[in-house]
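Peer 1: Residue numbers for the sequence shown follow our numbering, so the first one is 1 and each next one is one higher.
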Amino acid sequence: MRRRYVTADVFTDHMFGGNPLAVVLDADGLTPTQMQALASEFQYSETTFVLPPLDPAHTAHVRIFTPRAEVPFAGHPNIGTAFVLARFQEARERSSPDTFVFEEGAGLVPLRILRAHGAVVGAELRAPEPLSRRSQVSVE
């Protein structure tokens with residue numbers, strides 16, 4: 001199983017600082033068991049797997065795994081994945097959009113790409129809305 005991946009240091013401007021993240025760029029075709037095995041092998045707090053979006057209006061379907069389990073949402077994996085994808089688009093001499101939308105277990109995650117002097121330097125996100133359910137709870 002050969003896959004392209006990138007390791008990134010999130011929330012820093014120098015190597016070996018911040019939060020480490022592995023981003024598997026072409027995860028299409030991997031099973032959840034294989035994703036979990038890869039995340040366990042990396043041993044970072046999270047590893048993201050980039051898949052084609054279910055809705056073509058979105059940027060990607062992103063799955064996030066810790067070494068032990070899949071999680072529906074986490075902050076630094078989204079920031080790092082958006083940064084990596086935007087930088088890859090620019091490296092291919094394509095302009096990167098100013099916004100991305102990731103499909104995740106917790107819902108849609110909108111991200112804004114941050115630039116300085118025309119170069120991608122980071123991203124910011126708006127967390128998905130928390131789930132809520134209206135129901136009557138007995139006081140007994």
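Beta carbons are placed, not taken as given, at the ideal position from N, Cα and C, and that holds for glycine.
Does the Cβ-Cβ distance between arginine 3 and leucine 38 come in under 9 angstroms?
Peer 2: Taking the first residue of the sequence shown as 1, we reach residue 3 at position 3. Taking the first residue of the sequence shown as 1, we reach residue 38 at position 38. Going by C-beta atoms, arginine 3 is nearer than 9 angstroms to leucine 38.
Peer 1: Measure the alpha-carbon distance for leucine 85 versus glutamate 103 and round it to whole angstroms.
Peer 2: In the sequence shown, the residue the question calls residue 85 occupies position 85. In the sequence shown, the residue the question calls residue 103 occupies position 103. The straight-line gap from Cα to Cα measures roughly 15 angstroms.
Peer 1: Would you call methionine 15 buried or exposed, if buried means 16 or more other Cβ atoms sit within 10 Å of its Cβ?
Peer 2: Taking the first residue of the sequence shown as 1, we reach residue 15 at position 15. Exposed.
Peer 1: Which same chain residues, not among the five before or five after proline 110, have their C-beta less than 6 angstroms away from its C-beta?
Peer 2: On the sequence shown, residue 110 is found 110 positions in, with the first residue counted as 1. Taken in chain order, the residues that qualify are Val101, Arg126.
Peer 1: Pull up the DSSP beta-bridge partners for aspartate 13, would you.
Peer 2: In the sequence shown, the residue the question calls residue 13 occupies position 13. Its beta-bridge partners do not exist; DSSP assigns none.
Peer 1: Quick one: what does DSSP say phenylalanine 102 is sitting in, helix, strand or coil?
Peer 2: Taking the first residue of the sequence shown as 1, we reach residue 102 at position 102. In this structure, phenylalanine 102 counts as strand in the three-state DSSP scheme.
Peer 1: Quick one: measure Cβ to Cβ for leucine 21 and threonine 48, integer angstroms, because I've assumed they're closer than 8 angstroms.
Peer 2: In the sequence shown, residue 21 corresponds to position 21, counting from 1. In the sequence shown, residue 48 corresponds to position 48, counting from 1. Leucine 21 to threonine 48, Cβ: 7 angstroms. Contact.
Peer 1: If glycine 107 and proline 128 are in contact, beta carbons under 8 angstroms, what's the gap, nearest whole angstrom?
Peer 2: Counting from one through the sequence shown, the residue named residue 107 turns up at place 107. Counting from one through the sequence shown, the residue named residue 128 turns up at place 128. Glycine 107 to proline 128, Cβ: 4 angstroms. Contact.
Peer 1: Ignoring anything shorter than 3 residues or poking outside the region 16 to 95, list the beta strand (DSSP E) runs there in chain order.
Peer 2: DSSP runs (the beta strand (DSSP E)) wholly in the region 16 to 95: 19 to 24, 47 to 51, 60 to 65.
Peer 1: Which residues in the same chain have their Cβ closer than 6 angstroms to the Cβ of arginine 87, if we skip the five residues on either side of it in sequence?
Peer 2: To locate residue 87, count along the sequence shown from 1; it is residue 87. Hits under 6 angstroms: Val120.
Peer 1: To which residues of the same chain is asparagine 19 closer than 6 angstroms at the C-beta, ignoring the five residues directly before and after it?
Peer 2: Looking up residue 19 in the sequence shown gives position 19. If we look at asparagine 19 and ignore the five residues flanking it on each side, its Cβ neighbours are Val10, Phe11, His76.
Peer 1: Residues in its own chain within less than 6 angstroms of leucine 25 by CB, not counting five upstream and five downstream?
Peer 2: By one-based count along the sequence shown, residue 25 stands at place 25. Correct list, in chain order: Arg4, Val50.
Peer 1: Closer than 7 angstroms by C-beta to tyrosine 44: which residues in its own chain qualify, once you throw out the five before and the five after it? Chain order, please.
Peer 2: If you number the sequence shown from 1, residue 44 lands on position 44. Pro20, Leu21, Ala22.
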